[in-house]
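Notes follow the structure.
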Ligand SMILES: *Cc1c(COP(=O)(O)O)cnc(C)c1O
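Residue numbers (the working numbering): 510 to 972.
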């Protein structure tokens with residue numbers, strides 16, 4: 510986006526009250542560490558990492574208000590006061606009638622998938638997410654990608670690459686019928702597409718379509734505030750709307766949500782399921798007792814629920830979200846200026862390197878994104894992660910690798926943790942790696958876990 514007003518510097522809208530010292534390592538130490546980790550950045554010890562951009566999940570800095578909330582934890586087994594604060598925050602900011610706390614996002618995904626999906630069902634969604642799709646599959650469903658084609662093209666400049674293609678929904682409906690489609694899985698600020706937003710206009714159309722066919726919409730609300738920020742900046746009619754009002758409107762167009770509070774809500778652990786329907790709530794409340802904990806804590810301590818409640822209110826603050834997304838754009842723009850191929854437009858939570866253009870000499874079955882992530886760590890101590898063929902896993906029917914169009918390395922920015930200077934150091938490291946890219950070799954997978962293999966797979970460098 511080009512800003513017509515004169516460019517002015519901006520700074521983080523917070524000051525630092527407590528610091529955590531970083532450890533510097535030598536290149537020799539990092540070479541040893543990555544080899545021991547099987548060239549998988551998930552298997553590194555965090556003590557061996559300098560700037561940690563593995564994920565923004567549970568890695569954000571809580572505010573003084575959140576930490577104060579931790580001291581107000583009511584650790585009663587049942588009916589904790591903090592649960593009611595959480596319930597109130599979910600109602601006020603997202604508008605869902607009922608909330609079922611879970612230990613993190615996938616706990617909510619598990620429960621809603623088991624309640625709504627029958628064997629042989631199809632679940633359309635705006636691009637898959639690893640844990641979300643796995644829970645849909647384990648419940649007997651088949652995920653069907655209905656995101657617009659533009660989302661699969663890392664160079665396409667579409668401003669709402671999270672949008673759903675209604676024609677793809679129609680095609681699925683024609684093929685399988687509405688009774689085989691329990692819900693549409695709609696993510697905001699679509700992670701796997703590069704943190705790309707869905708427009709409110711598109712969501713209204715999806716909502717109309719879903720109502721017409723009696724199909725529910727379940728919202729992956731993990732990054733709804735980031736999505737709302739893009740709506741405010743890019744979608745006509747929302748220029749003067751508050752982030753909070755856009756978040757509320759997005760949620761109102763859906764029937765329920767799964768939430769990883771470790772992202773937008775800036776806590777280290779936590780999540781919830783939000784629903785409006787009495788019967789679904791009743792089932793969820795039954796099921797949470799089996800898998801997570803009583804329905805008034807669901808795997809969270811009282812203090813954690815308090816921190817989530819406070820974090821939700823902070824997530825919709827305009828200055829906060831502007832700086833959060835602004836920091837991601839700052840890093841992305843530095844890479845763009847140096848000619849490094851990244852996914853555009855720059856997303857809300859991470860900068861994604863386009864490994865297919867970065868390493869054209871490494872074929873996709875030699876895991877180019879995995880190789881870049883490993884080498885970036887070795888060169889600079891910066892930890893990133895693969896979002897390509899390793900993350901996509903295998904097709905459960907054929908057993909073959911799924912080859913996604915997007916072969917990406919994700920540099921994920923934790924919220925309120927690093928400064929612009931850390932972004933400068935990261936940018937310089939990536940640019941230098943890009944200049945020496947022909948030295949990077951492909952990898953061979955030597956250990957492959959059955960589920961979510963990217964977390965624990967091991968590799969060795971091709972000879
Ligand atoms: C992180 C994430 C999840 C899963 O949440 P966890 O808290 O890690 O279990 C689901 N969807 C999206 C989009 C996410 O980013």
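Cβ atoms here follow ideal geometry from the backbone N, Cα and C, with glycine treated the same way.
Owing to the predicted nature of the structure, the values given are computational and were not obtained by experimental measurement.
To which residues does DSSP link residue i through a beta bridge?
i           : result
residue 765 : 727, 784
residue 694 : 634, 727
residue 895 : 918
residue 640 : BP columns for residue 640 are empty, so no partner.
residue 910 : 903
residue 699 : 705
residue 851 : 862
Where does residue i fall in DSSP's three states?
i           : result
residue 541 : helix
residue 790 : helix
residue 862 : strand
residue 561 : strand
residue 903 : strand
residue 651 : strand
residue 656 : strand
residue 881 : helix
residue 510 : Only weak support exists for where residue 510 lies, its pLDDT of 48 falling under 50; the coordinates are left without a value.
residue 705 : strand
residue 583 : coil
residue 518 : coil
residue 948 : helix
residue 672 : coil
residue 796 : helix
residue 741 : helix
residue 805 : coil
residue 941 : helix
residue 556 : helix
residue 960 : coil
residue 551 : helix
residue 734 : helix
residue 662 : coil
residue 924 : coil
residue 620 : helix
residue 931 : helix
residue 716 : helix
residue 857 : coil
residue 711 : helix
residue 645 : helix
residue 526 : coil
residue 751 : coil
residue 978 : Since the first residue of the chain shown is 510 and the last is 972, residue 978 is not available in this structure.
residue 771 : coil
residue 627 : coil
residue 722 : helix
residue 546 : coil
Can you tell me where the beta strand (DSSP E) with residue i in it begins and where it stops?
i           : result
residue 611 : 607-611
residue 956 : 952-956
residue 970 : 967-970
Quick one: give me the first and last residue of the alpha helix (DSSP H) that residue i is part of.
i           : result
residue 598 : 590-598
residue 679 : 675-685
residue 776 : It is not in any alpha helix (DSSP H) - residue 776 carries neither H nor E in the DSSP assignment.
residue 579 : 573-579
residue 871 : That residue, residue 871, is in no alpha helix (DSSP H); it is neither H nor E in DSSP.
residue 812 : 811-824
residue 844 : 827-846
Should residue i be flagged as near chain B, meaning a C-beta pair shorter than 7 Å?
i           : result
residue 518 : The chain inventory of the structure shown lacks chain B, comprising one protein chain alone.
### Task
Report yes or no: do the segment 698-709 and the segment 665-676 share at least 3 C-beta pairs separated by less than 8 Å?
yes
### Query
Any chance the segment 937-952 sits against the segment 883-899, with 3 or more Cβ pairs inside 8 Å?
yes
### Message
As a quick check of your reading: which residues have a C-beta less than 6 Å from at least one non-hydrogen atom of ligand 1, in chain order?
### Response
Residues close to ligand 1 by the beta carbon criterion (under 6 Å to any non-hydrogen atom) are, from first to last along the chain, 566, 613, 614, 615, 638, 640, 641, 696, 700, 729, 731, 769, 771, 772, 780.
### Query
Can at least three beta-carbon pairs, one atom from the segment 901-917 and one from the segment 551-563, be found at a separation below 8 Å?
no
### Message
Measuring CB atoms only, is the segment 578-585 touching the segment 787-797, in the sense that at least three cross pairs come out at less than 8 Å?
### Response
In the pairwise beta carbon analysis, the segment 578-585 is classified as not touching the segment 787-797: fewer than three pairs are separated by under 8 Å.
### Sufficient close CB pairs (3 or more, under 8 Å) joining the segment 636-655 to the segment 612-625
yes
### Message
Under 8 Å, with one C-beta from each stretch per pair, do the segment 860-873 and the segment 771-782 reach the 3-pair mark?
### Response
no
### Message
Counting beta carbon pairs with one atom in the segment 645-660 and one in the segment 627-635, are three or more of them shorter than 8 Å?
### Response
yes
### Message
When you compare the segment 918-935 with the segment 848-860, are there three or more beta-carbon pairs, one atom per stretch, that lie closer than 8 Å?
### Response
Taking a cut-off of 8 Å for Cβ pairs, the segment 918-935 and the segment 848-860 touch, as three or more such pairs fall below it.
### Query
Counting pairs of Cβ atoms below 8 Å between the segment 790-807 and the segment 586-600, do you hit three or more?
yes
### Query
Given 8 Å as the limit, is there contact between the segment 750-760 and the segment 719-726, that is, 3 or more CB pairs closer than that?
no
### Message
Does the contact criterion of 3 or more C-beta pairs under 8 Å hold for the segment 709-719 versus the segment 841-850?
### Response
no
### Query
With contact counted as at least three CB pairs below 8 Å, one residue from each stretch, are the segment 536-543 and the segment 952-967 in contact?
no
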